Amino acid sequence: MRGLVLGGTASGVGKTVATLATIRALEAAGHAVQPAKAGPDFIDPSHHERVAGRPSRTLDLWLQGEGGLRRNYARGEGDVCVVEGVMGLYDGDGSSTAAVAEALDLPVVLVVDASAGMESVAATALGFRTYADRIGRDIDVAGVIAQRAHGGRHAEGIRDALPDDLAYFGRIPPNDDLTVPDRHLGLQMGDESPLPDDALDAAAEGLRTDRLVDLAREPAGGAEPNGARSTAKAPDARPRVAVARDDAFRFAYPATIERLRERATVETFAPVAGDPLPPCDGVYLPGGYPELHAAELAESPALDEIASAAAEGTPVLGECGGLMALAESVTTVAGETHAMAGVLPADVAMRDRYQALDHVELRARRDAPTASAGATLRGHEFHYSEADAASDARFAFDVERGTGIDGEHDGLTEHRTLGTYCHVHPESGAFDAFLDGL
């Protein structure tokens, strides 16, 4: 599957809109587009999926390693992959957009805010291209998409200023409808605040679809989609895993669900809607927005049933929002406190600003549901909540990079339940370890 990367000059330059417009333009030209996102993210990919009609792949060297990154890319479907970058092209010490593009040997189209410049757009793009040589990285910055650029003299001035070896891939005109509302943790999800179809169509019309298609190329170092770690069991021998999927629990990588389905029978349920916990051998509570649905969760039979299952020894894994739901209580920004499952000895409170945002590395203090003693796990954390753990709380992990629950530890444990602020990718092996314990 051929691919290309849309990298930005900085955060907030309009990469997501440019990505959605590119997907729209390629789809209109008859291509099956596989969206992808560089770096750990659940929100931008939800917008990708809404426009492309297929889940977006996560590409992150820190989370997956180079082999895992290539495997995850290879699992995509379609004939052209459009990868949205993270932050600015070279930003991010764990896994920058440039590092992802280099690992896959995919060309980069630079998204530049052209709202107040013409020749300066070309100067910016040229600087981003030559910077790769300065730092000794093999990054192919092939050209630009001019974001927030008017037509006529404005577009012509940008195009004419570009040197011969930097292509003009079109423009996206200013349009107030091309703005996704945000909240804590970033933009609103794709099914909550989708961009209007007519605005996306207008943005797509300004892109040079033929040039984008010609630019896309096959990645270097191909990989088998499933890698070398397939341990699928016959359906009658598979464990049953209950996975929470609703507005409170929506931050799960597609690759995670795929991995669970390869080795287990997955039963989804919606605690916010009052669904009971399905019969299962294990429970996975992904991250999400439990703080926005705390009242409904407090009344849901599912939390009491999860607590009972945990007390009986059923393995339960909660990530971030899942950790919050497994705690004693959650207090919202408005000061309302709601009882949660009460499995883990901590009270969680929402704060006005984020408490952690980073790639994470954890080392297991003892055998845990997702790692054996001494093993390391890599993931990421991004949360506005703060967990006040009991003085006698037991932690599964020491934090070697990141913040965790108290700055030094992550992974509250009780019975066979584990709650972490760290989100992990299945390439970490954490979900295989979890399934092995069922």
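Residue numbers for the sequence shown follow this note's numbering, so the first one is 87 and each next one is one higher. Quick reminder that beta carbons are idealized off the backbone N, C-alpha and C, glycines included. All values reported here derive from a predicted model rather than from experimental measurement.
Worksheet item: In terms of residues, what are the limits of the alpha helix (DSSP H) holding Gln150?
Response: Within the sequence shown, residue 150 is the residue found at index 64, counting from 1. Element bounds for Gln150: Leu147 to Ala160.
Worksheet item: Can at least three beta-carbon pairs, one atom from the stretch 340-354 and one from the stretch 477-484, be found at a separation below 8 Å?
Response: With a cut-off of 8 Å, the stretch 477-484 and the stretch 340-354 do not count as touching, because too few Cβ pairs lie within range.
Worksheet entry | Reduced DSSP secondary structure (H/G/I, E/B, other) of Ser316 | Here the question's residue 316 lines up with position 230 in the sequence shown. Confidence in Ser316 is poor, its pLDDT being 49 and thus under 50, which makes the residue's placement unreliable; the coordinate value appears in the next sentence. Of the three classes helix, strand and coil, the one that applies to Ser316 here is coil, per DSSP.
Item to complete: Indicate the three-state DSSP secondary structure (helix, strand or coil) for Thr102 in the structure shown.
Response: As a position in the sequence shown, residue 102 is number 16, starting the count at 1. DSSP, reduced to helix, strand and coil, places Thr102 within a helical segment of the structure shown.
Item to complete: Out of Arg215, Gly153 and Thr295, state which residue places its alpha-carbon closest to the alpha-carbon of Val119.
Response: Residue 119 sits at position 33 when you count from the first residue of the sequence shown. Ranking Arg215, Gly153 and Thr295 by Cα distance to Val119 puts Thr295 first.
Fill in: Per-residue DSSP class, three states only, for Met87
For this step, residue 87 is matched to residue 1 along the sequence shown. In the structure shown, Met87 sits in coil (DSSP, three-state: anything other than H, G, I, E or B).
Worksheet item: With 8 Å set as the bound, which would you pick, yes or no: does the beta-carbon of Pro260 sit closer than that to a beta-carbon of chain B?
Response: Note that chain B does not occur in the displayed structure, where there is just one protein chain.
Worksheet entry | Where the beta strand (DSSP E) through Thr506 begins and ends | Residue mapping note: residue 506 aligns to position 420 of the sequence shown, counting from 1. Segment Thr503 to Thr506, the beta strand (DSSP E) holding Thr506.
Discussion item. One question on the structure: do Pro401 and Pro362 come within less than 8 Å of each other, judged by their Cβ atoms?
Written reply: For the purposes of this step, residue 401 is identified with residue 315 of the sequence shown, where counting begins at 1. For the purposes of this step, residue 362 is identified with residue 276 of the sequence shown, where counting begins at 1. Taking 8 Å as the Cβ cut-off, Pro401 and Pro362 do not qualify as a contacting pair.
Worksheet item: At what residues does the beta strand (DSSP E) containing His379 begin and finish?
Response: Looking up residue 379 in the sequence shown gives position 293. For His379, no beta strand (DSSP E) segment is defined, and its DSSP state is neither H nor E.
Worksheet item: If you compare alpha carbons, which of His133, Tyr375, Arg349 and Asp367 is closest to Pro357?
Response: Stepping through the sequence shown from its first residue, residue 357 is reached at position 271. Nearest C-alpha to Pro357: Tyr375.
Worksheet entry | Local conformation of Val358 per DSSP, three classes | Walking along the sequence shown from the start, residue 358 turns up at place 272. Look at Val358 here: in three-state DSSP terms it is helix.
Worksheet entry | Limits of the alpha helix (DSSP H) - the one that His134 falls within | The residue labelled residue 134 in the question sits at position 48 within the sequence shown. Element bounds for His134: Ile129 to Ala138.
Discussion item. Given this structure, state the Cα-to-Cα distance separating Asp524 from Met204, to the nearest angstrom.
Written reply: Sequence index remark: in the sequence shown, residue 524 carries index 438 (1-based). Sequence index remark: in the sequence shown, residue 204 carries index 118 (1-based). Reading the sequence as shown, one finds Leu at residue 524 and not Asp. Answer to the nearest angstrom: the Cα atoms are 60 Å apart.
Fill in: CB of Ala519 within 8 Å of CB of Ala457, strictly
For the purposes of this step, residue 519 is taken as residue 433 along the sequence shown, with counting starting at 1. For the purposes of this step, residue 457 is taken as residue 371 along the sequence shown, with counting starting at 1. Contact: yes.
Worksheet item: Of the choices Glu278, Leu298 and Asp262, whose alpha-carbon is the least far from that of Asp284?
Response: Translated into the one-based positions of the sequence shown, residue 284 becomes position 198. Comparing Cα positions, the closest option is Asp262.
Fill in: Proximal residues to His495 (C-beta, below 7 Å), its chain only, five neighbours per side dropped
Along the sequence shown, read from residue 1 onward, the residue named residue 495 stands at position 409. The residues are Phe481, Phe483, Asp484 and Val485.
Discussion item. Let's see if you can read the secondary structure: which residues bound the beta strand (DSSP E) around Ser415?
Written reply: Taking the sequence shown and counting its residues from 1, one reaches residue 415 at position 329. Annotation: the continuous beta strand (DSSP E) that includes Ser415 extends over Ser415 to Thr417.
Discussion item. Using the Cβ count rule (16 or more neighbours within 10 Å means buried), how would you classify Gly505?
Written reply: By one-based count along the sequence shown, residue 505 stands at place 419. Only buried fits Gly505, as 16 or more other CB atoms lie within 10 angstroms of its CB.
Worksheet item: Is the beta carbon of Gly84 sitting closer than 8 Å to the one on Cys508?
Response: With the chain covering 87 to 524 only, the question about residue 84 has no answer from this structure.
Discussion item. I'd like to confirm something about Arg157: is its beta-carbon nearer than 7 Å to some heavy atom of the ligand SAH, or not?
Written reply: Of ligands this structure carries none, so the ligand SAH is not represented either.
Fill in: Rounded straight-line distance, which links the Cα of Glu170 to that of Thr105
The residue you call residue 105 lines up with position 19 of the sequence shown. The residue you call residue 170 lines up with position 84 of the sequence shown. Between Thr105 and Glu170, the C-alpha separation is close to 6 Å.
Item to complete: Using only alpha-carbon positions, find the residue among Ala432, Thr462, Val352 and Asp444 that is nearest to Phe468.
Response: Looking up residue 468 in the sequence shown gives position 382. Nearest option by C-alpha distance: Asp444.
Worksheet entry | the stretch 89-98 / the stretch 158-177 touching (three or more Cβ pairs under 8 Å) | The stretch 89-98, when compared against the stretch 158-177, does touch it at the 8 Å Cβ threshold.
Item to complete: Tell me, to the nearest whole angstrom, how far the beta carbon of Pro126 is from that of Asp146; I am working on the premise that it is less than 8 Å.
Response: As a working note, residue 126 is residue 40 in the sequence shown. As a working note, residue 146 is residue 60 in the sequence shown. Beta-carbon to beta-carbon, Pro126 and Asp146 are separated by about 6 Å, close enough to satisfy the 8 Å threshold.
Item to complete: Go ahead and pull the three-state DSSP assignment for Ser471.
Response: What you label residue 471 is simply residue 385 of the sequence shown in a count that begins at 1. Shown here, Ser471 sits in a strand according to DSSP, grouped into three states.
Worksheet item: Is Ile221 helix, strand or coil when you go by DSSP?
Response: Here residue 221 is taken as the residue at index 135 of the sequence shown, counted from 1. Reduced to three states, the DSSP call for Ile221 is coil.
Worksheet item: To the nearest whole angstrom, what separates the beta carbons of Leu301 and Ala228, a pair I think is in contact under 8 Å?
Response: Locating residue 301 in the sequence shown gives position 215, counting from the first residue. Locating residue 228 in the sequence shown gives position 142, counting from the first residue. Their Cβ separation, rounded to whole angstroms, is 6 Å, which keeps Leu301 and Ala228 in contact under 8 Å.
Practice prompt. Go ahead and label Ala314 buried or exposed: buried means 16 or more other beta carbons lie within 10 angstroms of its beta carbon, across all protein chains shown.
Written response: For the purposes of this step, residue 314 is taken as residue 228 along the sequence shown, with counting starting at 1. Legend: pLDDT at Ala314 = 40, less than 50; position of this residue unreliable, no value from coordinates given.
Discussion item. Between the alpha carbons of Arg487 and Thr462, how many angstroms are there, rounded?
Written reply: What you label residue 487 is simply residue 401 of the sequence shown in a count that begins at 1. What you label residue 462 is simply residue 376 of the sequence shown in a count that begins at 1. Looking at the two C-alpha atoms, the distance is approximately 11 Å.
Discussion item. Once DSSP output is grouped into helix, strand and coil, what is the label at Thr456?
Written reply: Position 370 of the sequence shown holds residue 456. Coil, per DSSP.
Worksheet item: Of all the options Tyr339, Glu163 and Tyr176, which has the alpha carbon lying nearest to the alpha carbon of Met87?
Response: Counting from 1 along the sequence shown, the entry for residue 87 is found at position 1. Nearest to Met87 by alpha-carbon distance, out of Tyr339, Glu163 and Tyr176, is Glu163.
Practice prompt. Can you check DSSP and say which residues form a bridge with Cys167?
Written response: Here residue 167 is taken as the residue at index 81 of the sequence shown, counted from 1. Checking the DSSP bridge columns, you'll see Cys167 partnered with Gly89 and Gln120.
Worksheet item: Since Gln274 sits in a beta bridge, which residues does DSSP pair it with?
Response: One-based indexing of the sequence shown puts residue 274 at position 188. According to DSSP, residue pairing for Gln274 in a beta bridge does not occur.
Worksheet item: Nearest to Thr418 by alpha carbon, out of His379, Leu389 and Arg452?
Response: As a working mapping, residue 418 is identified with position 332 in the sequence shown. Closest option to Thr418, Cα to Cα, is His379.
Discussion item. Among Glu405, Ser471, Arg439 and Leu403, whose alpha-carbon lies nearest the alpha-carbon of Asp433?
Written reply: Working through the sequence shown from its first residue, we reach residue 433 at position 347. That would be Ser471, whose Cα lies nearest to the Cα of Asp433.
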